[in-house]
Structures are given as C-alpha cells and as structure tokens.
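Here is the structure we will look at, set down as structure tokens.
In our numbering, the protein residues as written are 1 to 83.
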C-alpha cells in the first residue's frame, strides 16, 4: 500500500465510509482489529484475540535452589565423613 492509497482510504473512512486495513506485520500477534468511523471520528474500536504466541519458560530459580540444596547436602556429608 502506498502513502497515496493510505491517505485516500483514510479520507474515505473519515468521511463516514468503510475501510479495511491489513496489519501484515502483526499476523502472529492479532487475529482481528476493527475500527469504525462516523463523521470523521472513531465510533468503535474492537479487538479480537489480541494475544501473542507464547512458549513455556523454565524456572531457573527453582533449578538453582535445588542445585544449592544438593551442594549443601554434599558438603554436609563430606564434613561428617572427615569428623
């Protein structure tokens, strides 16, 4: 879409017409965005399923706590063996 096409569509929307824009860069983030203009002002704005894709994140704090606990047990065992 060129700037001229965008401005032409924007003027149509602001004049009370209907416009549909595609947000190609947001394909993985959003399913649907709807805008409605009436007499040059936005009359409605709706979003549907505006959620980015997620992936599970490991909890490094839990793993580090477990590792520190095991290290502590190892040091205690070593200490009691020497005594």
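All residues carry an ideal CB built from backbone N, CA and C; glycine is no exception.
Query, Result
"Residue 64, DSSP secondary structure in three states", "helix"
"Residues that residue 36 bridges to, as DSSP identifies them", "44"
"Per-residue DSSP class, three states only, for residue 15", "coil"
"Distance between residue 63 and residue 72 (C-alpha atoms, nearest Å)", "14 Å"
"Test item: CB-CB of residue 44 and residue 36 under 8 Å", "yes"
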